[in-house]
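Participant: The structure that follows is given in the form of structure tokens.
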Amino acid sequence: MKCISQERLVIGCAFFDKGVIVEEGEPKAIFNQPKEDRTKTFLNAYLGQ
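Take 881 as the starting number for the sequence shown in the numbering used here and just add one per residue.
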């Protein structure tokens, strides 16, 4: 997962799987309501969500 920031404010995130962007958007949306199964699996495994 990569997050793009500007002066300590995160303005966008992208989740990659094997070098391919699986999901991208605002951090709040990615972390709170991921759309893709791969993103959900990652968040559950690594962040305990």
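Quick reminder that beta carbons are idealized off the backbone N, C-alpha and C, glycines included.
Would Glu-903 and Phe-895 be called neighbours here (beta carbons separated by less than 8 angstroms)?
Facilitator: By 1-based counting over the sequence shown, the position of residue 903 is 23. By 1-based counting over the sequence shown, the position of residue 895 is 15. Their beta carbons are under 8 angstroms apart, which means Glu-903 touches Phe-895 by this criterion.
Participant: Opposite Val-900 in the DSSP bridges: which residues?
Facilitator: The sequence position of residue 900 within the sequence shown is 20, counting from 1. In the DSSP output, where bridge partners are listed per residue, Val-900 has Asp-897.
Participant: Answer with buried or exposed for Ile-910, where buried requires no fewer than 16 other C-beta atoms within 10 angstroms of its C-beta.
Facilitator: Numbered from 1 along the sequence shown, position 30 holds the residue referred to as residue 910. It counts as buried.
Participant: Can you grab the Cα-Cα spacing for the pair Leu-889 / Thr-921, in whole Å?
Facilitator: Taking the sequence shown and counting its residues from 1, one reaches residue 889 at position 9. Taking the sequence shown and counting its residues from 1, one reaches residue 921 at position 41. Near 26 angstroms, if we compare the C-alpha coordinates of Thr-921 and Leu-889.
Participant: If we ignore side chains and look at the alpha-carbon of each, how far apart do Gly-892 and Gly-928 end up?
Facilitator: On the sequence shown, residue 892 is found 12 positions in, with the first residue counted as 1. On the sequence shown, residue 928 is found 48 positions in, with the first residue counted as 1. If I take the Cα positions, the gap works out to 21 angstroms.
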